[in-house]
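**Q** For the sequence shown, the working numbering gives the first residue as -1, with consecutive numbering after it.
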Amino acid sequence: MLETNRLILRPWLDSDANDLYCYASSPDIGPAAGWPVHTSAENSLEIIRNVLSAPETYAVIPKNVGHAVGSVGLMIGAASHISLPDTEGEIGYWIGVPFWGQGMIPEAVDEILRHGFLDLGLQKIWCGYFDGNLKSKRVQEKCGFIYQYTKENVPCSMLDDMRTEHISCLTKGHWEKLQARR
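1. Please name the residue or residues paired with residue 56 in a DSSP beta bridge.
2. What would DSSP say about residue 143, mapped onto helix, strand or coil?
3. Have a look at residue 129 and residue 151 and give me their C-alpha separation to the nearest angstrom.
4. For residue 17, which residues from the same chain have a beta carbon less than 6 Å from its beta carbon, with the 5 sequence-adjacent residues on both sides left out?
5. Does the beta-carbon of residue 110 have 16 or more other beta-carbons within 10 angstroms, so that it is buried, or is it exposed?
6. If residue 156 and residue 71 are in contact, beta carbons under 8 Å, what's the gap, nearest whole angstrom?
7. Under a three-way DSSP split, which group does residue 164 fall into?
8. Quick check on the DSSP output: the alpha helix (DSSP H) that includes residue 110 runs from which residue to which?
9. To which residues of the same chain is residue 168 closer than 6 Å at the C-beta, ignoring the five residues directly before and after it?
10. With residue 176 as the anchor, note down where its alpha helix (DSSP H) starts and where it stops.
11. Determine the direct distance from the alpha carbon of residue 137 to that of residue 13, and round the result to whole angstroms.
12. Quick one: residues in its chain with C-beta nearer than 6 Å to the C-beta of residue 97, no 5 flanking neighbours on either side, listed in chain order?
13. What is the DSSP secondary structure of residue 43, counted as helix, strand or coil?
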């Protein structure tokens, strides 16, 4: 479990299925990130068991709300979508629409960056967003990620389409410099 001023980040539990469905059933969430909307609490439970149970994947729980409203996680090395060495990871995140614009995902990402660099010893953390997902782009900018490259015609298999993906990266050295300024 990880903790920030406003958030608890903990592994997903089967008992989170109804909360996950509540937020992941919105058409504004999954498709922008490359996955389909959840269709039922049972579908969300299956996602918890088969996807969100992966190592270093956390439910985002605002302390003042008390239940899961989003997700943040690291895919390390070969578990990433972009074929990384074991000293690097890829971060992913989302949060339910009622919590947009409150700075919770940048706060969660900052904690995952700290955890990745200091606790897990990662040297680089990568992040991507699909064309048009300006909220995700903004999170990356706020957290210090630096644009690296754009990939076109990226297969988005869960939605059966092709996307343009923008990839950014944050090195441990650059992150340490940003921390020193805070």
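Backbone N, C-alpha and C fix where the C-beta goes; we use that ideal spot for every residue, glycine too.
**A** On the basis of the data shown:
1. Within the sequence shown, numbered from 1, the residue matching residue 56 stands at position 58. Assignment of beta-bridge partners to residue 56 by DSSP yields 70.
2. Here residue 143 corresponds to residue number 145 of the sequence shown, with the count starting at 1. Correct three-state label for residue 143: coil.
3. In the sequence shown, residue 129 corresponds to position 131, counting from 1. In the sequence shown, residue 151 corresponds to position 153, counting from 1. Distance between the alpha carbons of residue 129 and residue 151: 11 Å.
4. Working through the sequence shown from its first residue, we reach residue 17 at position 19. Close CB contacts of residue 17 within its chain, under the 6 Å cut and outside five residues either way in sequence, are with 65 and 66 (chain order).
5. The sequence position of residue 110 within the sequence shown is 112, counting from 1. Around the Cβ of residue 110, a 10 Å sphere holds 16 or more other Cβ atoms; the residue is buried.
6. As a first step, residue 156 must be located in the sequence shown, where it is residue number 158. As a first step, residue 71 must be located in the sequence shown, where it is residue number 73. About 17 Å separates the beta carbon of residue 156 from that of residue 71, a gap too long to meet the 8 Å contact definition.
7. Here residue 164 refers to the residue found at position 166 of the sequence shown. The answer is strand: DSSP assigns residue 164 an E or B state.
8. The sequence position of residue 110 within the sequence shown is 112, counting from 1. Per DSSP, residue 110 is one residue of the alpha helix (DSSP H) stretching across 102 to 112.
9. What you label residue 168 is simply residue 170 of the sequence shown in a count that begins at 1. Apart from the 5 residues on each side of it in sequence, residue 168 sits with its Cβ closer than 6 Å to the Cβ of 123, 142 and 143 in its chain, given in chain order.
10. Counting from one through the sequence shown, the residue named residue 176 turns up at place 178. First-last of the alpha helix (DSSP H) with residue 176: 170 to 179.
11. Residue mapping note: residue 13 aligns to position 15 of the sequence shown, counting from 1. Residue mapping note: residue 137 aligns to position 139 of the sequence shown, counting from 1. Distance between the alpha carbons of residue 13 and residue 137: 28 Å.
12. In the sequence shown, counting from the first residue as 1, residue 97 sits at position 99. Excluding positions up to five away in sequence, the list reads 67.
13. Taking the first residue of the sequence shown as position 1, residue 43 is located at position 45. Note: residue 43 maps to helix in three-state DSSP.
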